[in-house]
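The letter at position 140 of the sequence shown is residue 140 when you use UniProt numbering, and the numbering goes up by one with no holes.
Idealized CB from N, CA, C, for every residue including glycine.
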Amino acid sequence: MADVNSSCISCGKLKEALEVSKREHSLTLKMVKEKIISTDELIRKYQQKCLESEKHLQQASDNTSKLETAQMKIDSLQSQLERSLQSTEPLRKNAVRLHREKSLADSAILELQEKLQKLEKLNSELMTTVKLKEEQECAWRLEKQVQAQEVQKQKKSLEKSESTISKLQEQLKKEKGWNGKYEA
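This is how it looks when you write it as structure tokens:
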């Protein structure tokens, strides 16, 4: 029995060791499982990051392509702008020249307007003077006509008076002549 007991004790120890080993194995499996799960999550995150990175690389590639296209357009537009500026340079110079000529013409117009105002003022003064002169001449003509009419009246009156004097002188002579005949 001692053998059986010792074998049972050995079995018990073995069973106990087996139990400990099972528990350790179970813990190890649990740990491995957790590591697998965390590794799986890590791999998923890594794959997600890889996808995002690929997207970003694709976007960067697209943006680079767009940038190159835009740069080519900018270069094309820049050369068009330079050609346009070169072709419009004569027009710009002509516009500057025309602006300068317009400025000179405006100055000349102002001078001519000032002269015109002075001449209009002078013309107005002359017209006033002419009008006054015409009014004076008209007044003189009227006065001359009135004087002429007065002279005519005076002449007629004088002629009448002379005629009357002449008649009276004749009558007087006749009367003297008659008076002399009667006196003699």
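Other residues of its chain near residue i: CB distance less than 7 Å, five sequence neighbours each side excluded
| i | result |
| --- | --- |
| Leu168 | none |
Any non-hydrogen atom of the ligand SAH closer than 7 Å to residue i Cβ
| i | result |
| --- | --- |
| Gln59 | Looking at this structure, you won't find the ligand SAH or any other ligand, since it has none at all. |
Own chain partners of residue i with C-beta closer than 8 Å, once the 5 adjacent residues on each side are dropped
| i | result |
| --- | --- |
| Leu51 | none |
#### Entry: beta strand (DSSP E) runs contained entirely in the stretch 37 to 114, provided each spans 3 or more residues
none
### Task
Note down, one range per segment and in chain order, each beta strand (DSSP E) of at least 3 residues found wholly within the stretch 127 to 174.
none
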